[in-house]
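Number of protein chains: 2
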Amino acid sequence: MADRIRVLVVDDHPVVRQGLRTFLDVQDDLEVVGESADGTSCVDDAERLGPDVILLDLRMPGADGVSALHGLREAGNPAKVLVITSFTEPSAVLPAVRAGASGYVYKDIDPPALAAAIRSVHAGHVLLHPDVARLLAAGEARPGGAELTARERDVLLEVARGRSNREIARALSLSEKTVKTHVSAILGKLGVQDRTQAALHAVRSGLVRP
Amino acid sequence: MADRIRVLVVDDHPVVRQGLRTFLDVQDDLEVVGESADGTSCVDDAERLGPDVILLDLRMPGADGVSALHGLREAGNPAKVLVITSFTEPSAVLPAVRAGASGYVYKDIDPPALAAAIRSVHAGHVLLHPDVARLLAAGEARPGGAELTARERDVLLEVARGRSNREIARALSLSEKTVKTHVSAILGKLGVQDRTQAALHAVRSGLVRP
DNA sequence: ACGGTCCTCGGTCGATGGACCTAGGTCCTC
DNA sequence: GAGGACCTAGGTCCATCGACCGAGGACCGT
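Going down the list, the protein sequences come from chains P and G.
Take 2 as the starting number for the first sequence in this note's numbering and just add one per residue.
Take 2 as the starting number for the second sequence in this note's numbering and just add one per residue.
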């Protein structure tokens, strides 16, 4: 039929792309029109192929999922984006939703549910995994939640690489004092006790690639 | 044909299982005889289906990949095991190889290479991704490398959950001094500078699930 | 011009972490 | 029974971390 839902699959693993394609191709009303392996090519492919729905993995080398979302938005692409990932942290969900994601599901979803999710998103709904919705609600409940500034993200990234404050200071050309200030702010915003927890949080949330 | 290589796919993600199955089914000499979602059912399925080669993801909920390897060995299962994972740490490779894995490849492998890897493993060869081989060689070069004791693994697991020495001491019913001794030993064996790096190492190596 | 946020840096101070050394007890192996 | 791991625990010592305080300058929108 002519009005099948056109889907673009974006994931850095060929295996996962093939799996998703196979799942979706057996659905009569879905059509996988392309695959992208990273965030940057995703934006180009979306422009070229004009998909209705983009299945987007958040964690990818090069440009990550959130960057891809921003890129799509800036390009004015009307495609709905359904984030499919294995990370559960609200700090990963919030930026994605804010960046314009229309849905957020986990990778352990079963095929029929995934197909249903794509249809829902295509219909204009915002679809969240129940756990994600709960996390989101919890995040909204505590105002000013996990919203890190750009500089704090820089520092957290270094923390999540196992760097000491001194090393971070050198790497970012800062005073060690400034680094400590940022780290303290990060700990407060993330609601964790120390840098180790912050680093783990960053990894869980997909901010850094393990 | 009757003598196709029988493959069992073990991964906790349906999407990945489907992707692998699709990749392999198009190969004339390969036959996917089953799928398992976790380590325990993997051992049962291997017993029941009698595969020639088992494609095993190291990181899974419940019983992880290494446990599954031990289980297969104890059950006397003759199947070759090809580990396919996204982790790159030598501390993840070494236990897997020691536990009887015949191969170790990354998930970003392309389909033909994966098929070739399965054939090699089935033929009795040990197949390692070049990077893995290098890591393995480097690990062997420094004797007594990253071989943690059982207790140290317990402690590292807690470290990788973001616990402080005091919390770990309470959790494991130990003195804080003892915990510090273990932590120091862990840092030395892993070749890292502090607990944050150790925690990240644990996550990368798949010892804990993010 | 004003308030707000962010980035920068400073000081102090207590808590924590980790290095290094020693040592008793257990269990296993030779 | 003599090693040799491993687990446990203590001591000392110093570096690092993180909390809490303040403060100046840049940039923003109103």
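For every residue, glycine included, the Cβ atom is placed at its ideal position computed from N, Cα and C.
Predicted model only: the values in this text are computed from it and were never measured.
(request) Say whether chain G places a C-beta atom closer than 9 Å to the C-beta of residue 17 of chain P. (result) Locating residue 17 of chain P in the first sequence gives position 16, counting from the first residue. Answer yes: the Cβ-Cβ gap between residue 17 of chain P and chain G drops below 9 Å somewhere.
(request) Would you mind listing the beta strand (DSSP E) stretches within the segment 26-88 of chain P that are 3+ residues and don't spill past its ends, in chain order? (result) Those beta strand (DSSP E) runs which fall completely within the segment 26-88 of chain P and span 3+ residues are 31-37, 54-57, 81-86.
(message) Please identify, using Cβ separations under 8 Å, the residues of the segment 177-193 of chain P that lie next to chain G, in order along the chain.
(response) Those would be 193, in chain order.
(message) So that I know if they touch, is there some Cβ in chain G lying closer than 9 Å to that of residue 110 of chain P?
(response) Residue mapping note: residue 110 of chain P aligns to position 109 of the first sequence, counting from 1. At least one chain G Cβ lies under 9 Å of residue 110 of chain P.
(message) If the criterion is Cβ atoms closer than 9 Å, does the pair residue 46 of chain G and residue 83 of chain G meet it?
(response) Stepping through the second sequence from its first residue, residue 46 of chain G is reached at position 45. Stepping through the second sequence from its first residue, residue 83 of chain G is reached at position 82. Contact: no.
(request) Helix, strand or coil for residue 208 of chain G, going by three-state DSSP, please let me know. (result) In the second sequence, counting from the first residue as 1, residue 208 of chain G sits at position 207. DSSP places residue 208 of chain G outside both helix and strand once states are collapsed to three, so it counts as coil.
(request) Verify the CB distance criterion: does residue 40 of chain P have a CB-CB separation below 9 Å to chain G? (result) As a working mapping, residue 40 of chain P is identified with position 39 in the first sequence. Answer no: the Cβ-Cβ gap between residue 40 of chain P and chain G never drops below 9 Å.
(request) Between the Cα of residue 58 of chain G and those of G:78, G:50, G:21, G:131, spot the shortest distance and give me the residue it belongs to. (result) Position 57 of the second sequence, counted from the start, is the residue given in the question as residue 58 of chain G. G:21 is the residue among G:78, G:50, G:21, G:131 whose C-alpha sits nearest the C-alpha of residue 58 of chain G.
(request) Per DSSP, which residues does residue 9 of chain P bridge with? Please list them. (result) Sequence index remark: in the first sequence, residue 9 of chain P carries index 8 (1-based). For residue 9 of chain P, DSSP records a beta bridge to P:35, P:55.
(request) State yes or no: is the beta carbon of residue 163 of chain P nearer than 9 Å to at least one beta carbon in chain G? (result) To locate residue 163 of chain P, count along the first sequence from 1; it is residue 162. It does: the Cβ of residue 163 of chain P has a partner Cβ on chain G nearer than 9 Å.
(request) Tell me, please, which residues DSSP counts as bridged to residue 115 of chain G. (result) As a position in the second sequence, residue 115 of chain G is number 114, starting the count at 1. None; residue 115 of chain G has no bridge partner.
(message) Using a 10 Å radius around the Cβ and a threshold of 16 neighbouring Cβ atoms, would you call residue 77 of chain G buried or exposed?
(response) As a working mapping, residue 77 of chain G is identified with position 76 in the second sequence. With fewer than 16 Cβ atoms within 10 Å of its Cβ, residue 77 of chain G is classed as exposed.
(message) Using the Cβ count rule (16 or more neighbours within 10 Å means buried), how would you classify residue 150 of chain G?
(response) Taking the second sequence and counting its residues from 1, the one referred to as residue 150 of chain G is at position 149. Counting Cβ neighbours within 10 Å, residue 150 of chain G comes out exposed, since fewer than 16 surround it.
(message) Could you check whether residue 35 of chain G and residue 15 of chain G sit closer than 9 Å to each other, using their CB atoms as the reference points?
(response) For the purposes of this step, residue 15 of chain G is taken as residue 14 along the second sequence, with counting starting at 1. For the purposes of this step, residue 35 of chain G is taken as residue 34 along the second sequence, with counting starting at 1. At a Cβ-Cβ threshold of 9 Å, residue 15 of chain G and residue 35 of chain G do not count as neighbours.
(message) Can you tell me which residues form a DSSP beta bridge with residue 106 of chain P?
(response) Here residue 106 of chain P corresponds to residue number 105 of the first sequence, with the count starting at 1. Its beta-bridge partners are P:85.
(request) State yes or no: is the beta carbon of residue 28 of chain P nearer than 9 Å to at least one beta carbon in chain G? (result) Within the first sequence, residue 28 of chain P is the residue found at index 27, counting from 1. It does not; no Cβ of chain G falls within 9 Å.
(message) Which of the three DSSP states is assigned to residue 128 of chain G in this structure?
(response) Reading the second sequence from its first residue, position 127 is the one you call residue 128 of chain G. In the structure shown, the three-state DSSP call for residue 128 of chain G is strand.
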